[in-house]
Amino acid sequence: MPDNILSQRELRRYSKQIMIPEIGIEGQEKLKQASVLVIGAGGLGCPVLQYLVAAGVGKVAIVEFDMVNETNLQRQILYGSDDVGKLKSIIAKNRLEHLNPLVEIEIFNLRLDATNSLGIIKDFDVIVDATDNLETRYIINDSCVILNKPMIHGAIYKFEGQVSVFNYNEGATYRCYNPSGSKKDYKNPFPADVGLLGVLPGITGTFMANEVIKVITGIGNILSGKVLLFNILDHSSRLITVKNVPGNHNIKVINNFC
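Residues 1305 to 1562 (this note's numbering) make up the sequence shown, in order.
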């Protein structure tokens, strides 16, 4: 690594992280040199983005095509009442640059799909699935497998959250955890249809940001091959093991929800 990767301003700003032996100067330099793509700037994406930018990840990019809706505001904490009807990507970029001008913020104001995913994902070190639909999750997973990128995943339902890291060092993929199917085979209602407590995506997104930082710096136990399930209503939690299916690493093309 070249000398003086961190400026004096960065050494001051991130000093409390640098003081932690597991992070130190080396870990902070790894964060600065890393690039992270966050797909979705909604309830999960908002806390992920804020904590990664605050932590000093060198480049953070956002894929988001939607506009702010008033019903978003109880959980999507990057936005305010005056932002209703505006593009989330633009508002998020402005807020994040205000939070930390030392981090490069890039936006893709579009919907990630099978035609553009490889071209977007290829330029980033870590990919964050902060989406709320299965079709996009399979597209993200398959792109990460083809490009050999780790995928940090989070999902929420009422009071329950889950977090995992897929395709990390050829570990289990999202298809290992949730075998492919069709939309008609998906029995559980989507969060938008049943409601959720606003703090749940905040907690889940914070766990996701933590896994991103661990993957970049190489510290701690990565949730690879494991899914953390937790319930904020009764404080219960458990880890489940995901079997790594070798055939799920042989993906060559991107498919839509299949």
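Yeah, the Cβ is synthetic: ideal placement off N, Cα and C, and Gly gets one too.
All of these numbers come straight from a predicted model, not from anything done at the bench.
Nearest to residue i by alpha carbon, out of the options?
i	options	result
residue 1263	1338, 1326, 1349, 1524	Look at the range of the chain in this structure, 1305 to 1562, and you will see that residue 1263 is not part of it.
residue 1435	1345, 1511, 1527, 1326	1345
residue 1325	1524, 1530, 1432	1524
residue 1419	1538, 1438, 1433, 1444	1444
residue 1528	1554, 1502, 1478, 1534	1478
residue 1343	1369, 1323, 1312, 1331	1369
residue 1522	1385, 1332, 1450, 1318	1332
residue 1585	1336, 1323, 1458	Given that the chain is displayed from residue 1305 to residue 1562, the structure contains no residue 1585 and the question cannot be resolved.
residue 1538	1507, 1463, 1557	1463
residue 1309	1362, 1358, 1321	1362
residue 1468	1313, 1531, 1483, 1442	1531
residue 1426	1400, 1455, 1409	1455
residue 1473	1550, 1319, 1316, 1556	1550
residue 1507	1374, 1375, 1354, 1498	1354
residue 1437	1497, 1319, 1322, 1552	1497
For the putative contact between residue i and residue j, defined by C-beta atoms under 8 Å, what is the C-beta separation to the nearest angstrom?
i	j	result
residue 1500	residue 1544	Actually they are not in contact, since the Cβ atoms of residue 1500 and residue 1544 sit about 21 Å apart, beyond 8 Å.
residue 1248	residue 1424	Past the edges of the chain, shown from 1305 to 1562, lies residue 1248, and the structure says nothing about it.
residue 1475	residue 1548	6 Å
residue 1382	residue 1350	5 Å
residue 1448	residue 1471	5 Å
residue 1554	residue 1446	About 11 Å separates the two Cβ atoms, so there is no contact after all.
residue 1404	residue 1358	6 Å
residue 1450	residue 1422	7 Å
Would the beta-carbon of residue i fall within 7 Å of that of residue j?
i	j	result
residue 1465	residue 1352	no
residue 1598	residue 1328	Lying before the first or after the last residue shown, residue 1598 is absent from the chain, which here runs from 1305 to 1562.
residue 1546	residue 1481	yes
residue 1526	residue 1504	no
residue 1433	residue 1441	yes
Give me, in chain order, the residues of the same chain whose beta-carbon lies closer than 7 Å to that of residue i; leave out the 5 immediate sequence neighbours on both sides.
i	result
residue 1356	1340, 1364, 1513, 1516
residue 1371	1389, 1390, 1391, 1392
residue 1305	Bear in mind that the predicted position of residue 1305 carries a pLDDT of just 43, short of 50, making it too unreliable to give a figure here.
residue 1409	1364, 1397, 1400, 1401
residue 1318	1332, 1360
residue 1387	1372, 1395
residue 1374	1388
residue 1320	none
residue 1330	none
residue 1542	1533
Spatial neighbours of residue i within its chain, please: CB distance less than 6 Å, with the 5 preceding and 5 following residues excluded, ordered by chain position.
i	result
residue 1366	1342, 1345, 1393, 1396, 1411
residue 1511	1467
residue 1556	none
residue 1552	1477, 1479, 1480
residue 1458	1348, 1467, 1508, 1512
What residues in its chain sit with their C-beta under 8 Å from that of residue i, if we drop five residues either side in the sequence?
i	result
residue 1540	1534
residue 1314	1332, 1336, 1360, 1406
residue 1384	1377
Are the region 1513 to 1524 and the region 1393 to 1404 touching, with three or more C-beta to C-beta distances below 8 Å?
Counting Cβ pairs under 8 Å, fewer than three are found: no touch.
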